[in-house]
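2 protein chains.
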Amino acid sequence: MQFMASLAINYQHILTASQRIKGHALVTPLLESPLLNQQLGGRVLFKAESLQHTGSFKFRGAFNKLSKLADANQLTGVVAYSSGNHAQGVAAAAAYFGVPATIIMPSDAPKIKIENTKALGAKVVLYQRHKEDRDAIGQQLSQAHNLTLIPPFNDTDIIAGQGTTGLEIAYQLEALNLIPDQAIGPIGGGGLMSGSAIALRHHFSDISLWGAEPQGYDDAARSIIAGTIIGNDHSPASICDAIVTRKVGALTFPILHKYLAGAKTVNDQHVLAAMATCMQQLKLVVEPGGCVGLAAILNHSLAVADKTTVVILSGGNVDPAMLDLALAL
Amino acid sequence: MQFMASLAINYQHILTASQRIKGHALVTPLLESPLLNQQLGGRVLFKAESLQHTGSFKFRGAFNKLSKLADANQLTGVVAYSSGNHAQGVAAAAAYFGVPATIIMPSDAPKIKIENTKALGAKVVLYQRHKEDRDAIGQQLSQAHNLTLIPPFNDTDIIAGQGTTGLEIAYQLEALNLIPDQAIGPIGGGGLMSGSAIALRHHFSDISLWGAEPQGYDDAARSIIAGTIIGNDHSPASICDAIVTRKVGALTFPILHKYLAGAKTVNDQHVLAAMATCMQQLKLVVEPGGCVGLAAILNHSLAVADKTTVVILSGGNVDPAMLDLALAL
Chain L
20 MQFMASLAIN YQHILTASQR IKGHALVTPL LESPLLNQQL GGRVLFKAES
70 LQHTGSFKFR GAFNKLSKLA DANQLTGVVA YSSGNHAQGV AAAAAYFGVP
120 ATIIMPSDAP KIKIENTKAL GAKVVLYQRH KEDRDAIGQQ LSQAHNLTLI
170 PPFNDTDIIA GQGTTGLEIA YQLEALNLIP DQAIGPIGGG GLMSGSAIAL
220 RHHFSDISLW GAEPQGYDDA ARSIIAGTII GNDHSPASIC DAIVTRKVGA
270 LTFPILHKYL AGAKTVNDQH VLAAMATCMQ QLKLVVEPGG CVGLAAILNH
320 SLAVADKTTV VILSGGNVDP AMLDLALAL
Chain G
20 MQFMASLAIN YQHILTASQR IKGHALVTPL LESPLLNQQL GGRVLFKAES
70 LQHTGSFKFR GAFNKLSKLA DANQLTGVVA YSSGNHAQGV AAAAAYFGVP
120 ATIIMPSDAP KIKIENTKAL GAKVVLYQRH KEDRDAIGQQ LSQAHNLTLI
170 PPFNDTDIIA GQGTTGLEIA YQLEALNLIP DQAIGPIGGG GLMSGSAIAL
220 RHHFSDISLW GAEPQGYDDA ARSIIAGTII GNDHSPASIC DAIVTRKVGA
270 LTFPILHKYL AGAKTVNDQH VLAAMATCMQ QLKLVVEPGG CVGLAAILNH
320 SLAVADKTTV VILSGGNVDP AMLDLALAL
């Protein structure tokens, strides 16, 4: 109970965020394939956040955050650092509220993410992922130009916004009269899964909740076991650009620790196989970092036989060459 | 008025079909991309029937038809001929009602369509597209095994079922407070567009309605102009396997003639470009025949600048090699 009191957000925050983003963010579909269910031996439902505005769930948190700032007359301009999905979410929300956005992106981000962020009207500043400190660049730009820094995950309004994904899943499952056994989704900084975990557990008290991470970036898995935040010391190559974060947030970790059973690890081959399955069976284009949850099912890390499982597909911003790789499997 | 009285179905039939398929067919999302809108200079909303059960709108008509037969105690087994989407729709509906299905498919149908039809429990009989008569095979099987033939489009219950696509679009547009200027979608036999046209015109009296067809299969365009059904004399190669029909139906044509402004023609290159746009901008896997409407916009046959346009993306059953071709553009 002591620990509960210290959590950054609760179910009510997510309900409030849900009212705020209503009519702005899409209610994305919860999809399933009878043939895929047959192959997997269980019922697996996919929350297609790849179809969300700007191609990922990030629009939810960004819109919630900027909307609150606008209501408080504190929205003049924003700056954010992001590998590309938070970038587009913030850029689209800033465009909606008519304020300038500057986004700091790694120079090796997928081309589609850099181009779309620019097309949404944001100013893009590229940095070298392994040489420069994006936090420092963000702080500097924020102070120099009086811009509000919009953090990618370690922020109560961002977490509450991303949590509306889980809330929508709960409503959709209830409409189908389904009680899920478990849910799994990507963890980078932990915003999506911490917020969604609160909403899902509120509706389904017995649900088992899991994160999924790329090999070499299993910090959430290790942190949940250790009971304290542990970072990734190295930065190995991974195709999952959206979720190769160094560590989870100070606000997201206590929530993940409380609600998640753990996190599963997947390698690039599992991820490509999951992308191919999304294209062939679900007719969805999902980016590498977006389908790590399905990858954990395909590599048998998460057992789904005779269970009802929800998989969050978090984004769909992927260059053609990567889709080719997946289709070549 | 004379002509109206002769139409096979009306708005009420579509409402009834809608009640019948409710909870069985998915309410597929109506999606748009701000960036694509920006590029096209107008607002374009996409009805993603590629995400429908069995990967195409065909499930709607098949379920409606089989459900009515079941209620009348006339459902013992079914036979259908199809290039693959109607096949899967009928197979899935037959599986739901627990009756056997035999599907006659061309031997050159996409592998994914043949395999999925079998996986759904149907018996598949392959025939040579240019040598054998699928109608004759269907009649023979129907009589020999006491199976009800489920026509692909020339049937009132099938048309009403497919028309629920247009009905859903109308509801979704109304929820967005949008009045569309125009809508476009694929025409093979005309079931989808005839049914949807009735529903859309009922809700939006000024909407302009268009079909889209592959080069060499522009029979609907010519038939609408001529005021009588004209078939395609030749069978040129086309990647749009789902809609390379010889002519529209005796029941669908009068509806198409009454409601449609005409039909646009697209070639394979336009279609591949549309598939690439679907993957990159909408995050959707759409099959060649499914995105001829978007192809007609991309090749400037249908002007969308400063207009609100609805495009029906009718299916997503496509083999990886075809997706590769589109991504290579």
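Protein chains in written order, with this note's numbering: chain L, 20 to 348; chain G, 20 to 348. Note that beta-carbon positions come from the ideal geometry of N, C-alpha and C, so glycine has one too.
Who pairs with residue i in a beta bridge, going by DSSP?
i: L/Ile203; result: L/Trp229 and L/Val330
i: L/Val304; result: Paired residues: none, contrary to the question.
Taking buried to mean at least 16 other C-beta atoms within 10 Å of its own C-beta, is residue i buried or exposed?
i: G/Asp152; result: exposed
i: L/His105; result: buried
i: L/Arg79; result: buried
i: L/Ala269; result: exposed
i: G/Glu306; result: buried
i: L/Met20; result: Below a pLDDT of 50, predicted positions are generally treated as unreliable, and L/Met20, at 39, falls in that range; no measurement from the model is reported.
i: G/Asp255; result: The sequence as given places Pro at residue 255 of chain G; Asp does not occur at that position. Exposed.
i: L/Lys150; result: exposed
i: G/Arg265; result: exposed
i: G/Leu195; result: exposed
i: L/Leu279; result: buried
i: L/Ser257; result: buried
i: L/Leu192; result: buried
i: L/Gln147; result: exposed
i: L/Leu342; result: buried
i: L/Asn83; result: buried
i: G/Leu348; result: exposed
i: L/Lys132; result: buried
Reducing DSSP to helix, strand and coil, say where residue i ends up.
i: G/Ile123; result: strand
i: L/Leu272; result: The question names Leu, yet the displayed sequence has Phe at residue 272 of chain L. DSSP places L/Phe272 in helix when its eight states are reduced to three.
i: G/Tyr236; result: coil
i: G/Ser75; result: strand
i: G/Lys290; result: Contrary to the premise, residue 290 of chain G reads as Val rather than Lys in this sequence. It is helical.
i: L/Gly281; result: strand
i: L/Met20; result: Here the model assigns L/Met20 a pLDDT of 39, short of 50, so the residue's position is not dependable and the matter cannot be decided.
i: L/Lys266; result: coil
i: L/Gly117; result: coil
i: L/Cys259; result: coil
i: L/Arg222; result: Residue identity check: residue 222 of chain L is His in the sequence provided, not Arg. In the structure shown, L/His222 sits in a helix (DSSP, three-state: H, G or I).
i: L/Val109; result: helix
i: G/Ile248; result: coil
i: L/Pro129; result: coil
i: L/Ile198; result: coil
i: G/Ala216; result: helix
i: L/Leu321; result: coil
i: G/Ser242; result: helix
i: G/Gly209; result: coil
i: G/Asp338; result: coil
i: G/Leu348; result: coil
Do the CB positions of residue i and residue j come within less than 8 Å of each other?
i: L/Val3; j: G/Leu303; result: One cannot answer for residue 3 of chain L here, as it falls past the ends of chain L, which runs 20 to 348.
i: L/Gly96; j: L/Pro119; result: yes
i: L/Ala202; j: L/Leu228; result: yes
i: G/Gln181; j: G/Phe76; result: yes
i: G/Pro199; j: G/Phe223; result: yes
i: G/Leu275; j: G/Ala239; result: yes
i: G/Phe65; j: G/Leu50; result: yes
i: G/Ile248; j: G/Phe272; result: yes
i: G/Leu313; j: G/Val330; result: yes
i: L/Gly281; j: L/Gly308; result: no
i: L/Leu85; j: L/Ala113; result: yes
i: G/Gly214; j: G/Ala179; result: yes
i: G/Thr175; j: G/Ala81; result: no
i: L/Ala189; j: L/Leu211; result: no
i: L/His289; j: L/Leu332; result: no
i: L/Tyr30; j: L/Ile217; result: yes
i: L/Leu168; j: L/Thr327; result: no
At what residue ranges does the region 24 to 107 of chain G contain a whole run of the alpha helix (DSSP H), taking only runs of 4 or more?
-> Qualifying alpha helix (DSSP H) stretches, in chain order: 30 to 40, 53 to 59 and 77 to 90.
Can you list, in chain order, the stretches of the alpha helix (DSSP H) that have 4 or more residues and sit fully within the region 135 to 175 of chain G?
-> Within the region 135 to 175 of chain G, the complete alpha helix (DSSP H) runs of at least 4 residues are 153 to 164.
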